[in-house]
Amino acid sequence: MKKVIVSAVLGFSSLFTAAHAAGSDSAQFEVRLTVTESCKFTAAQDVEFASIDRSTKAASNAKGQLNVTCTLNTPYQIALAGSGEMSNITNTASTSKVPYKLYQDSARTAEWDAANLLSRTGNGKDQAIPVYAKLAGDTNVEAGSYADKVTATVTY
């Protein structure tokens, strides 16, 4: 009798399962993402020359740094735009100027300005880009502090 009851229960449950599995359907969909190229400056360190004795007329070098983050394999160029002359900020009535040049390399042979661009490729991480500078003229000028604003522009 037990066998009959177990068989009856198993038979009934298989009929119920078969009734529910009468058909099926499926669909496909995609998971999508668009990644756009981007470049952003993350930091800028000033180029600061050491104090100089104006009578020595000695050439002087200095270094600053830009940090930029660009998406992986994004080619980019950086232009620098400044006047190329530092003005006396201690005495704003002064006409004294100290010329300088910016360079892409530590040997200071590859100039860097709005026409001579630095070209690189992004790696998806923060990249430190040194900015090299050299005084380019006479430093026998009125004593004081001198400065020039430079604008860095990244194009990608």
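Each residue of the sequence shown is one higher than the last, beginning at 0 in numbering that gives the first Met the number 0.
Ideal Cβ placement from N, Cα and C applies to all residues, glycine included.
Query	Result
Residues that THR64 bridges to, as DSSP identifies them	According to the sequence displayed, residue 64 carries Gln and not Thr. Answer is GLN44 and PRO129, bridged to GLN64.
Inter-residue Cα distance where the pair is ALA21 and ARG31	34 Å
SER59 beta carbon less than 8 Å from that of LEU116	no
Buried versus exposed, by CB contacts within 10 Å (16 or more), SER95	buried
Neighbourhood of GLY121 by C-beta, 7 Å cutoff - its chain only, sequence neighbours within 5 removed	CYS38, CYS69, THR70, LEU71, ASN72, THR73 and TYR75
Whole-Å CB distance - GLY63 paired with VAL153, under 8 Å assumed	Not really, about 16 Å apart at Cβ, beyond 8 Å.
Residue burial classification, VAL67 (beta-carbon count within 10 angstroms, cutoff 16)	buried
Distance between ALA109 and ALA80 (C-alpha atoms, nearest Å)	15 Å
Local Cβ density within 10 Å of ALA132, reported as buried at 16 or more and exposed below that	buried
Reduced DSSP secondary structure (H/G/I, E/B, other) of LEU71	coil
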